[in-house]
Amino acid sequence: MKKNYIQDIERALYDVRDADKSIYKSDAGLTEEIIRDISARKNDPPWMLEFRLKSLEVYKKISLPTWGPDISALNMDEIVTYVKPNAKQVDDWSQVPDEIKKTFDRLGIPEAEKKSLAGVGAQYDSEVVYHSIQKRLTDLGVVYTDMETALVEHEDIVREYFMTLVPPKDHKFAALHGAVWSGGSFVYVPAGVDVKIPLQSYFRLNAAGAGQFEHTLIIVEPNAKLHFIEGCSAPRYNVTNLHAGCVELFVKEGARLRYSTIENWSRNMMNLNTKRALVEKNALVEWVSGSFGSHVSMLYPCSVLHGEGARAEFTGVTFAGKGQNLDTGAIVIHAAPKTSANINTRTISKSGGAATYRSAVKVTKNAPFAKCSVNCESLMLDDKSRSDTLPVMDIEGDEADIGHEAKIGRISEEAVFYLMARGISEEEARAMIVRGFVEPIAKELPLEYAVEMNNLINLELEGQL
Amino acid sequence: MLEIKNLHAAAGDKEILRGVNLSVGRGEVHVILGPNGSGKSTLMNVILGHPKYQITGGEIFFDGEDLTALKTFERARRGIFLSFQNPEEIPGITVENMLRTAKQSVTGEKIKILQFHKELLALMKDLQISAEYANRYMNVGFSGGEKKRNEILQLLTLQPKLALLDETDSGLDVDAVEIVSAGVAKFHNEKNSCIIITHNAQILKHLPVNRAHIFLNGRIVRSGGAELVGEVSEKGYAPFEVES
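First to last, the protein sequences are chains A and B.
Letter 299 of the first sequence, counting from 1, is numbered 299 in the working numbering, and no numbers are missing.
Just so we're on the same page, the working numbering is the position in the second sequence counted from 1, plus 1000.
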């Protein structure tokens, strides 16, 4: 029998690990002493230390989620929560230490900055090592900086918004995040400003057995526009790493925010990330989300449609290979009249990987005339792989217009034959079909990531046994 | 060009082709007539090596080469084309992208994108397919008639040596059959050959039919000239049942 397979995602690029030259690492585990220590090293204002300690209390009280993938491999007593790289934050790549710069060079970040980005932030382990933004934007009042700087320069804004949308009591990892967060991005776009070129942050976790807990806080004031891109990766180690980031997006009246993330963590990563957007009257949030890496992912970006006519578009692709269990999806809460949402996802599983699509759509009593359409499609490339679809809908509002379409399938052998009958080789035919399957998503990705994803879907044909 | 000798084929335990003999020369047009379920489509699929069917006996030669050892795409690259009775819908692959990939595969040459685009649009115009269809996903949401015209578009783009047309005219209205028929006539010349499965003489209007074959119960029971087409439309297949 011939056997076709789609190659595992080419990880060589991401798996180059640098020697650990961090200048400080917190002890493993989580105690009040460690939190105080992190806070002191980060020069937190007193209210932030208090926030961290309260979060720790909450963390201790909440138990792990009892649903979803098995995360029992995660032992918090072994995770190092804070790793300070041996680098100060600079705004010139030539001042970034060579080894760290090389890593970002390999990932193509400085190159992309020259070509197509208006601002870049690069985080290495727990701290941001590079940050830049075009002067044109700062002149317009746009702020794009790391969270620590924001805490000093825009303390009042941070204090007003920080973890109000994702409160620590939300779930165990939100509480953990509140206690140990470090690094991340802060973006503020003043009313009416259109940031035409995207801003991009890249998160790289190098240290083994560490956690990354970056916080992203984006505020887009009324009628402003922003596209923000986030990329993440880490080399592979044999110990479990943890990513429990938190993203809070505030999209004010009439504003538009497109938030694109490509996550390509290594296969020892537990990716337990929380992302949420608060969308006001006639505003729009667009999520574009690619999940390719990690051992386990639980990721369900949530849009709270809070103002009348608020809209959310969610576009996601998940690719689970050998040893991966990726549980991804989206949440939409319709909390005001005439709000609308579209969820459109594709998941692929192969070589024994498990991919689950999980979503929740809630229409509250206060949200008459809500409109929501969900389209989730899954493709399993072999018999060993798993795919599940778990959509939940809870509709209380009147006159709701809700549509749902789910498909789980395999590559159609008739379609392969059709393409081969046109002279296209079998492996190319299969690759074309898989690329076609994710095409509606791929075309929404930032170009360099779309190219990368197409390269990932690279088919090979095994000879006859 | 095509030599089929005593061909037997089955789908699992079920024998469908039961000793087909057919010889098609260069430049010839052959018509295969037969009732539904007689195995005509199976014959087309077996010529291209559909994995659903196993050859249990006999031979297929194309330009002197034994086809049975070749994979489907290798047969297509030798110059065999099948216009499908029910063309597949393939989401995410545009008509233009698919055809460019196919043309490149068949010719083995790098295609000039702009020139290809121009040529494609000209062919689409001939077939009365609106230009936007070049960017639509392969057959997705196409009407029956649009799918069939899209098959002929592929035929004209790929310029095979042998075209197998499996009921390309069925389910089409009179005007659409005329467009398809003109398309096939445009394709045909003295260097290539056609095998046309049809229930309808209209598609043959612009084509010089060399031979017609009556196909019953998995084989050809009678071969003759174009006059057989008229005979079938008048009397149906009953008179040939005896011969099978």
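Virtual Cβ for every residue (Gly too), placed ideally from N, Cα, C.
Computed from a predicted model, the values in this text were never measured in an experiment.
- Linking G1108(B) to N241(A) through their CA atoms gives a straight-line distance of about 48 Å.
- Unbroken beta strand (DSSP E) runs of no fewer than 3 residues, entirely contained in the stretch 255 to 335 of chain A, are found at 256 to 264, 269 to 272, 274 to 279, 284 to 291, 296 to 299, 302 to 305, 311 to 320 and 325 to 334, following chain order.
- In the DSSP annotation of this structure, the continuous segment of the alpha helix (DSSP H) that includes V1180(B) starts and ends at V1174 to F1187.
- In the structure shown, M163(A) falls within a coil segment according to DSSP collapsed to helix, strand and coil.
- Chain B has no Cβ within less than 8 Å of the Cβ of M380(A).
- Taking a contact as a CB-CB distance under 8 Å, the pair I1203(B) and T1168(B) counts as one, their CB atoms being some 7 Å apart.
- Judged by their CB atoms, D98(A) and S132(A) are not nearer to each other than the 8 Å cut-off.
- The beta-carbon distance between I71(A) and V296(A), rounded to whole angstroms, is 6 Å. This is short enough to meet the 8 Å contact definition.
- Taking 8 Å as the cut-off, the Cβ atoms of G1145(B) and A1176(B) count as close.
- Straight across, the Cα-Cα distance linking L272(A) with V96(A) is about 29 Å.
- Assigned with DSSP and collapsed to three states, N1097(B) falls in helix.
- Annotation: the continuous beta strand (DSSP E) that includes L1082(B) extends over I1080 to S1083.
- By the Cβ criterion, the stretch 337 to 345 of chain A is in contact with the stretch 366 to 378 of chain A, since at least three pairs of Cβ atoms, one from each stretch, lie closer than 8 Å.
- For the stretch 424 to 454 of chain A, the set of positions with a beta-carbon nearer than 8 Å to some beta-carbon of chain B reads I424, S425, E426, E428, A429, M432, I433, R435, G436, F437, V438, E439 and P440 in chain order.
- The stretch 1052 to 1064 of chain B and the stretch 1216 to 1236 of chain B do not touch, with fewer than three beta-carbon pairs separated by less than 8 Å.
- Where N1021(B) is concerned, the enclosing beta strand (DSSP E) starts and stops at K1014 to V1024.
- Closest by C-alpha distance to S1038(B), out of L1048(B), G1027(B), A1131(B) and A1010(B), is A1010(B).
- K1071(B) reaches chain A at M420, S425 and E426, counting residues in chain order whose Cβ is nearer than 9 Å.
- Per DSSP, R36(A) lies in no beta strand (DSSP E) segment; the continuous alpha helix (DSSP H) that holds it begins and ends at E32 to R41.
- With contact defined as three or more Cβ pairs closer than 8 Å, the stretch 174 to 182 of chain A and the stretch 52 to 69 of chain A are in contact.
- Residues of the stretch 311 to 330 of chain A with a C-beta less than 8 Å from any C-beta of chain B: none at all.
- Going by C-alpha positions, E1119(B) is about 15 Å away from K1186(B).
- Rounded to whole angstroms, the gap between the alpha carbons of Y161(A) and A415(A) is 51 Å.
- Counting only residues of its own chain and dropping the five nearest sequence neighbours on each side, G290(A) has a CB closer than 6 Å to the CB of I262 and V317.
- Minimum Cα-Cα distance from G309(A) among the listed residues A255(A), K350(A) and R346(A) corresponds to A255(A).
- Between H1188(B) and L1207(B), the gap from beta carbon to beta carbon is short of 8 Å.
- The shortest C-alpha to C-alpha distance from I35(A) to any of I62(A), T81(A), W47(A) and E399(A) is the one to T81(A).
- Of all residues in the stretch 100 to 128 of chain A, none comes within less than 8 Å of chain B when Cβ atoms are compared.
- Of the candidates V166(A), F417(A), G209(A) and H171(A), the residue whose Cα lies closest to the Cα of Y59(A) is H171(A).
- L1002(B) and R1075(B) have their alpha carbons spaced roughly 12 Å apart.
- The C-alpha of K1147(B) is placed about 55 Å away from the C-alpha of V128(A).
- DSSP places R1149(B) in the helix class (H, G or I) of the three-state scheme.
- Under the three-pair Cβ rule at 8 Å, the stretch 349 to 365 of chain A counts as touching the stretch 314 to 334 of chain A.
- Here the alpha carbons of S22(A) and V288(A) stand approximately 33 Å from one another.
- Between E1028(B) and R1211(B), the beta carbon gap of about 7 Å places them in contact (Cβ cut-off 8 Å).
- Chain B places a beta carbon closer than 8 Å to that of E414(A), counting this residue as a contact.
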